[in-house]
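Student: My structure is below; once you've seen it, I'll send some questions.
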Amino acid sequence: MKGGREPQAGRADNMPLVTSHEVLRKAKRGKYAVGAFNANNMECVKAVIEACEELKAPVILQISQGAIKYAGLEMATAMVKAAAAEAKIPVVLHLDHGTSFEQNVQCLQVGFTSLMFDGSKLPYEENVETTKKVCEIAHAVGIGVEAELGIIPKIEDGYSKKEIEAMFTDPDQAAEFAKATGCDSLAVAAGAVHGMKSRGAGLDFDRITEIAKKTKLPLVQHGSSGVPLKTLQKAITCGICKINVATRVSMALLAGTKRAWDQDPEAKDFRPIFKEGMSEVRKVVSEYVHKLGCAGKG
Ligand code: G3H
Ligand code: 13P
Ligand code: ZN
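Using the working numbering, the first residue of the sequence shown is number 54, and each one after it goes up by one.
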């Protein structure tokens, strides 16, 4: 990150939030990846932090557009901050797929320690323009910005393999984009699709390697729920430093909760039932942390 003070955001008011800049720089150097899990409710936030604490792993808790609609920005932010304040590991509060300059400003104002502007569906020049603007304000207060080039679609979009490949990130354009925007990390499109329930997506490793070499940035894997763990591990050797997982955590919360409720269909107190959901989330997160190589790095 050029200019700006050394990242200390979030520490000013004794909150142990750290910046993604700090966490991803270490991951890139150490050739491992940090898990980024979606903060949709208290159960997910607590379970993710508990699993990462047990394994002494740094963690990124990210607030998606869906989470903002579901919980509201203030509530979602407060949940992560409250959990992080008690945590013994580095926690990053990140905006997932930020939709505008204004939304990034709002997130900066409420204490996010990592931002994202996703202009991947915009014409290239517009993506550059807004990403650059977000970087300028974020860097002024020591916060890093993730950008996206190439499109990582949603499973619901129903694209064919050929159509998905046509949206892959171009390595030369990525290099130009990184230079033009000053972004701190880059989400790349190389085969993953958001929201997959099964692990059937393959990745173009050569492309990821080339993008990493040309941009020198820590790269971000979106749509990781649909990518086999071994493929994610290989992608880390190619330059992926942040692994975004949402669907698999959501499915774990549902599965554990359903199992417990099925066992006690007459239950009237949801808390013991949700606890089983949280236990499933912890299992899923622990597995990722082990496989991504970030256990013990917190
Ligand atoms: O990349 C998108 C997230 O994984 C899920 O987002 O909470 O908006 O459905 P959502
Ligand atoms: P999945 O829901 O497919 O794991 O994707 C998560 C993601 O990319 C969040 O940005
Ligand atoms: Zn994503």
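Where is the CB? At the ideal position from N, CA and C, for every residue including glycine.
Alpha carbon to alpha carbon, what distance is there between Leu202 and Glu179?
Tutor: Near 12 angstroms, if we compare the C-alpha coordinates of Leu202 and Glu179.
Student: Go through its chain and collect everything with a Cβ distance to Met331's Cβ below 6 angstroms, but skip five positions before and after it.
Tutor: For Met331, where only same-chain residues beyond five positions count, the Cβ hits under 6 angstroms are Glu96 and Ala100.
Student: According to the Cβ coordinates, are Val144 and Leu168 closer than 8 angstroms?
Tutor: Result no, Cβ atoms of Val144 and Leu168 do not sit closer than 8 angstroms.
Student: To the nearest angstrom, report how far apart Lys250 and Asp210 are at their CA atoms.
Tutor: Cα to Cα, Lys250 sits roughly 14 angstroms from Asp210.
Student: Compare the Cα-Cα distances from Ser117 to each of Gly346, Asp149 and Leu272 and report the closest residue.
Tutor: Among Gly346, Asp149 and Leu272, the Cα nearest to that of Ser117 is on Asp149.
Student: Starting from Lys295, follow the beta strand (DSSP E) in both directions and report where the run begins and ends.
Tutor: First-last of the beta strand (DSSP E) with Lys295: Ile293 to Val298.
Student: For Gly88 versus Leu272, is the C-beta distance shorter than 8 angstroms?
Tutor: No, they are not a contact pair.
Student: Once the 5 residues before and after Val76 are set aside, which same chain residues still bring their CB inside 8 angstroms of it?
Tutor: Result list for Val76: Val87, Pro111, Ile113, Pro143 and Val145, in chain order.
Student: Along the chain, where does the beta strand (DSSP E) containing Val198 start, and where does it finish?
Tutor: Per DSSP, Val198 belongs to the beta strand (DSSP E) from Gly197 to Leu202.
Student: Secondary structure at Lys207, three-state DSSP: helix, strand or coil?
Tutor: Three-state DSSP puts Lys207 in a strand.
Student: For Leu77, which three-state DSSP category applies?
Tutor: Looking at Leu77 - three-state DSSP - the assignment turns out to be helix.
Student: Below 7 angstroms CB to CB, which residues in the same chain sit around His275 once its five sequence neighbours on both sides are set aside?
Tutor: Counting only Cβ-Cβ distances below 7 angstroms, and skipping sequence neighbours, we find Ile205, Ala240, Ala245, His247 and Asn297.
Student: Does the beta-carbon of Leu307 have 16 or more other beta-carbons within 10 angstroms, so that it is buried, or is it exposed?
Tutor: Per the 10 Å Cβ criterion, exposed.
Student: Kindly identify the DSSP beta-bridge partner or partners of Phe90.
Tutor: Phe90 pairs with Leu114 and Val298.
Student: Can you give, in chain order, each stretch of the beta strand (DSSP E) that sits fully within the segment 106-185 and has at least 3 residues?
Tutor: Runs of the beta strand (DSSP E) inside the segment 106-185: 112-116, 144-148 and 167-170.
Student: Expressed to the nearest angstrom, what Euclidean distance is found between the alpha-carbon atoms of Asp259 and Gln316?
Tutor: For Asp259 and Gln316, the distance between alpha carbons rounds to 48 angstroms.
Student: Cα separation between Glu107 and Lys328?
Tutor: Rounded to the nearest angstrom, the two C-alpha atoms are 17 angstroms apart.
Student: So what does DSSP say about Val187, is it helix, strand or coil?
Tutor: Reduced to three states, the DSSP call for Val187 is helix.
Student: Assuming Cys236 contacts Val198 (C-beta within less than 8 angstroms), just tell me the rounded distance between them.
Tutor: That belief holds up - the Cβ atoms of Cys236 and Val198 are roughly 5 angstroms apart, short of 8 angstroms.
Student: Answer with buried or exposed for Ser73, where buried requires no fewer than 16 other C-beta atoms within 10 angstroms of its C-beta.
Tutor: With 16 or more other Cβ atoms within 10 Å, it is buried.
Student: Assign Gly56 to one of three DSSP states: helix, strand, or coil.
Tutor: Residue placement at Gly56 is poorly supported in this model, since its pLDDT is 49, which falls under 50; the coordinates still yield a value, given next. Three-state DSSP puts Gly56 in coil, outside helix and strand.
Student: Would you check whether the ligand ZN has a heavy atom nearer than 7 angstroms to the C-beta of His147?
Tutor: Not under cutoff, so the answer is no.
Student: What is the DSSP secondary structure of Val280, counted as helix, strand or coil?
Tutor: Correct three-state label for Val280: coil.
Student: Expressed to the nearest angstrom, what Euclidean distance is found between the alpha-carbon atoms of Lys79 and Cys294?
Tutor: One C-alpha to the other measures close to 9 angstroms.
Student: To which residues of the same chain is Phe165 closer than 6 angstroms at the C-beta, ignoring the five residues directly before and after it?
Tutor: Closer than 6 angstroms at Cβ, skipping near neighbours: Leu146 and Leu148.
Student: For a test of your reading of the model: does the CB of His150 fall under 7 angstroms from any non-hydrogen atom of the ligand ZN? Yes or no.
Tutor: Indeed, a heavy atom of the ligand ZN lies less than 7 angstroms from the Cβ.
Student: Are the CB atoms of Phe170 and Ala200 nearer to each other than 8 angstroms?
Tutor: In contact: Phe170 and Ala200 (Cβ atoms closer than 8 angstroms).
Student: Report, in whole angstroms, the separation of the C-beta atoms of Thr268 and Ala228, which I expect to be a contact under 8 angstroms.
Tutor: That belief holds up - the Cβ atoms of Thr268 and Ala228 are roughly 5 angstroms apart, short of 8 angstroms.
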